[in-house]
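These notes concern the structure reproduced below.
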């Protein structure tokens, strides 16, 4: 059972690295702890399962909300409380044509694909450098960088 618990623990850790939801992390901790119990008490299957389920439950219910709040408020690609201000002023590249609210396009910011609209309503071509001027929900409002230079100069 040691190997089985270890395989489950490592698989859950790998899953967690991809998703960052902090459910699989605590399942992995529980499974790896059960593997340690299996080393000490190889025939105590109920104890192993109890340790796995108990630690996983305590982690998900008691610890996950705090860990999730801390980590998600500091990751650049996630929209969390207070992050919108950090998005405004970022220079990004359009992935496809960006128009008004009825013809939104996309930009890539912090490794994430975002819906974007033109602040002026004038269409912006794909692969154009733009500046984020505002955030409306989960949509970025952008202006071409060259348009800003023309207005300033």
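Residue numbers (my numbering): 489 to 641. Built from N, CA and C at the ideal position, the CB exists for glycine as well. On a predicted model such as this, the values are computed, not experimentally measured, just so you know.
Limits of the unbroken beta strand (DSSP E) element including residue 579:
First-last of the beta strand (DSSP E) with residue 579: 579-582.
Is there at least one non-hydrogen atom of the ligand FAD closer than 8 Å to the beta-carbon of residue 551?
Among the ligands in the structure shown, none appear at all, so the ligand FAD cannot be discussed.
Among 509, 618, 617 and 622, which one has its Cα closest to the Cα of residue 558?
509
Are the Cβ atoms of residue 603 and residue 628 separated by less than 9 Å?
Against a cut-off of 9 Å, the Cβ pair of residue 628 and residue 603 comes out as a contact.
With residue 460 and residue 583 assumed to form a contact (beta carbons below 8 Å), what rounded beta-carbon distance in angstroms separates them?
Not covered by the structure: residue 460. The range shown for the chain is 489 to 641.
So, at 7 Å on beta carbons, what are the nonlocal neighbours of residue 503 in its own chain, with the 5 sequence-adjacent residues on each side left out?
512
Going by alpha carbons, who is nearest to residue 607 out of 592, 527 and 501?
592
When DSSP labels each residue in this structure, what does residue 591 get in the three-state scheme?
The answer is coil: DSSP assigns residue 591 none of H, G, I, E or B.
Residue 613, DSSP secondary structure in three states:
coil
Hey, residue 618 and residue 612: beta-carbon distance below 9 Å or not?
yes
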